[in-house]
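Down below is the structure, laid out as structure tokens.
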Amino acid sequence: MEKRTHILHTAKVNNNCPECYSTDGLEFIFSQEEVENKLYSKAKREVIETLHCQTCHQDIFPVNWTEDIELVYDYNLKLAKPKSSGIKLKPLAYLLILTDVLIIASIIYYLV
Ligand SMILES: [Zn+2]
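Numbering (the working numbering), first residue to last: 1173 to 1284.
Following this line, the structure appears as structure tokens:
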């Protein structure tokens, strides 16, 4: 299984950083993980949010968010459109399914 992270949406916000009080360092990053192997890929349902301050280089965890940050978070979360979390088959999977069908078809053919 390989893991990939897709960035869905980023937003620079001008709220005060709870750590260094700078108003021009905070940035929201919304991402979604996708696992894949040779046969299929599947995106996880949940969207992961990271709030990072580029001034003090710290990640600001939700417990430290102010009310204003939460409002901005809600607004931006709506802009982050996650990929569908269904299983997407890869060409190799289709090839295997097709091979199975052919094998079963030929078994039936010889039995009949
Ligand atoms: Zn900061």
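For glycine and all other residues, C-beta sits at the position ideal for the given N, C-alpha and C.
All figures in this text were calculated on a predicted structure; none of them were measured in a lab.
Along the segment 1175-1258, the alpha helix (DSSP H) occurs as fully enclosed runs of 4 or more residues at 1239-1251, listed in sequence order. DSSP places Val1273 in the uninterrupted alpha helix (DSSP H) bounded by Pro1263 to Leu1283. Distance from Ser1256 to Lys1216 at the Cβ level is roughly 11 Å; contact not present, criterion being Cβ atoms closer than 8 Å.
By the C-beta density criterion, Gln1226 is exposed, having fewer than 16 other C-beta atoms within 10 angstroms.
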